[in-house]
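Okay, so here's the structure we're looking at.
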Amino acid sequence: MYDTYTLPLLSGEKEIGYLQIARLNNILPLIGSAVLTSFLVMIPLVWILGLMVGRWGTRMVLLPLEKLVSYVERLDIDRLPEKIIIPEDIEEEVAVIGRSFNKLLQRARAAIKKQKEVAENISHELKTPLTRVSTALQVMERDPSKIDKAELREMTREIVTLGEQVDALLDFASNKVETSSTWELAPFVKELRSLIPNEIRLTVRVPDSMQITGQQPQLRIVMNNLVTNAVRHNVPGGYIRIVAHETKLGWKIEVENTTSTPVQPRHALARMWRGRHSRGHGLGLTIAQEICDKLGILLKYENPEPGLVRVSLMSQGKNVEA
1 MYDTYTLPLL SGEKEIGYLQ IARLNNILPL IGSAVLTSFL VMIPLVWILG
51 LMVGRWGTRM VLLPLEKLVS YVERLDIDRL PEKIIIPEDI EEEVAVIGRS
101 FNKLLQRARA AIKKQKEVAE NISHELKTPL TRVSTALQVM ERDPSKIDKA
151 ELREMTREIV TLGEQVDALL DFASNKVETS STWELAPFVK ELRSLIPNEI
201 RLTVRVPDSM QITGQQPQLR IVMNNLVTNA VRHNVPGGYI RIVAHETKLG
251 WKIEVENTTS TPVQPRHALA RMWRGRHSRG HGLGLTIAQE ICDKLGILLK
301 YENPEPGLVR VSLMSQGKNV EA
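Number 199 in UniProt numbering belongs to position 199 of the sequence shown; there are no gaps in the numbering.
And the structure:
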C-alpha cells in the first residue's frame, strides 16, 4: 500500500543514522475524499444559483402568459377585438396558446352575434301580435259593451300562436328542428286572413286538398312573416295575393303584394343593409331567410314590376330532418 525509501545519514564518512520515507501508492481514496469535500462545499452554492436562474427563467417564460391573462381580464364582452397580436419571436408553446385564444374569440363573437339576432327575431315576432292584442284590450277597456266573444277568441288564438312561434324560434336558435310532417296548407292560410285589414284586397289560390311536407312550426313563422311584411309595406287600395301549387320537387308558395317601398332583391334579405338603409322592410324577411336556409327551402325575392313585390318559397325535396 506504501512505497518505502531508506536513505543513510552521514557525518563525514561515518553513518550516523537512516532517513526512511514512505509514499502512498493508492491515491484514489485521497482523490475521492477531495472530490467529496469539494462537492459538499459547492452544493449550497449551486443550489442557490439554480434557484436564482430558475426563478428568472420561469419569470421570462410566464411573462407572455401573464400579459395574456391581464389582457383577458380587461376584455369588454360588448367590444371583443378581432384577435390578439402574437409576436413573431415568441416561444412556440406560448404562440399556440395565443392562436387558440384567437379561435375562442371568434367563437365567442359568433355566439354573441347569434344571441343578438335571436333577441331581435323574438322581438320582431312579439311586436305585431302584442300590438294587436293591446289595441283590442284598450278598446274594450274604454267601452266594455263592445267586448265581442269572437274577438276574444281571436286574441286567445293570437297569444297561443305567439307562444308557439317563440318556442319555435328558440328551438331554431338552439339547432333543434322538428321532424318533417305532412299537413294541409289551406287551413293555415285561412288563419292568415286575420292579419290582413279590410282595406287591402286579398286573393287566395290554394287548393283545399294541397298538403305540404315540412317542419310546421318554422314554416308557419315564415308564412306569418311574409304576410305581415306584405301588410305593413302595402299601399292604400293595394292587394295581397297568396298562390300555392305542387311541383315536381314538392310545392311552391308565392306571396305577392303592392308596395310603395320595394327593395332590390340583392339587398332585401341582408340584415345589416336593411338596418342601415331601409326603413320599409323589417327583420321578417331575414328570419324567413335564415329558417329557409336551415330547412333546405329556396326563398326568392323579386320585384316583377315597379310597385310590386313577390316572395316565393319552393321545396327542393331535401327538407332537413331532426
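In this text, a Cβ means the ideal position worked out from N, Cα and C, and glycines have one as well.
Taking residue i and residue j to be in contact with their CB atoms under 8 Å, please state how far apart those CB atoms are, rounded to whole angstroms.
i	j	result
Val166	Leu226	That pair is no contact at about 18 Å.
Val309	Thr259	5 Å
Gln211	Glu191	Their Cβ separation, rounded to whole angstroms, is 16 Å, which puts Gln211 and Glu191 out of contact at 8 Å.
Asn257	Asn234	6 Å
Val231	Leu195	6 Å
Ile242	Val206	7 Å
Leu295	Gln215	6 Å
Asn229	Leu285	6 Å
Thr182	Thr213	5 Å
Quick one: what does DSSP say residue i is sitting in, helix, strand or coil?
i	result
Arg220	helix
Gly307	coil
Lys83	coil
Val96	helix
Pro8	strand
Val235	coil
Ser134	helix
Met210	coil
Ile196	coil
His281	Note that His281 scores 39 on pLDDT, short of 50, meaning its location in the model is unreliable; the coordinates nonetheless yield the value given after this. Coil.
Gly17	strand
Leu162	helix
Thr247	coil
Ser260	coil
Leu299	strand
Arg59	helix
Leu202	strand
Ser145	helix
Arg74	coil
Ser180	coil
Leu185	coil
In or out: residue i buried (at least 16 other Cβ within 10 Å) or exposed?
i	result
Leu5	Here the sequence assigns Tyr to residue 5, which means Leu is not the residue at that position. Exposed: under 16 other Cβ atoms inside 10 Å.
Met60	exposed
Val222	buried
Ile48	exposed
Ala244	buried
Leu313	buried
Thr135	exposed
Pro236	exposed
Ile297	buried
Gly12	exposed
Ile253	buried
Val53	exposed
Val35	exposed
Val46	exposed
Val96	exposed
Val41	exposed
Going by beta carbon distance, what residues of the same chain come within less than 8 Å of residue i, once the five residues before and after it are set aside?
i	result
Leu9	Glu15, Ile16, Gly17, Tyr18, Leu19
Leu162	Glu125, Leu126, Pro129, Leu130
Gly307	Val235, Thr258, Thr259, Ser260, Pro262
Excluding the five sequence neighbours on either side, which residues of its own chain have a C-beta within less than 7 Å of the C-beta of residue i, listed in chain order?
i	result
Ile291	Phe172, Gln218, Ile221, Val222
Ile200	Val231, Asn234, Gly238, Tyr239, Ile240
Ala288	Val222, Asn225, Leu226, Leu299
Ile159	Val133
Thr156	none
Pro304	Arg310
Arg276	Note that Arg276 has pLDDT 39, beneath the 50 cutoff, so the model's placement of it is unreliable and no number is given.
Glu141	none
Near residue i, what residues of its chain come up, given a Cβ to Cβ distance below 6 Å and the 5 sequence neighbours on each side ignored?
i	result
Leu202	Ile196, Ile240
Asp208	Ala186
Leu7	Leu19
When every heavy atom of the ligand FMN is checked, does at least one fall within less than 8 Å of the C-beta of residue i?
i	result
Ser260	In the structure shown, the ligand FMN is absent, as is every other ligand, since no ligand is present at all.
Verify the CB distance criterion: does residue i have a CB-CB separation below 9 Å to chain D?
i	result
Ser145	As a matter of chain content, chain D is missing from the structure shown, which is built from one protein chain.
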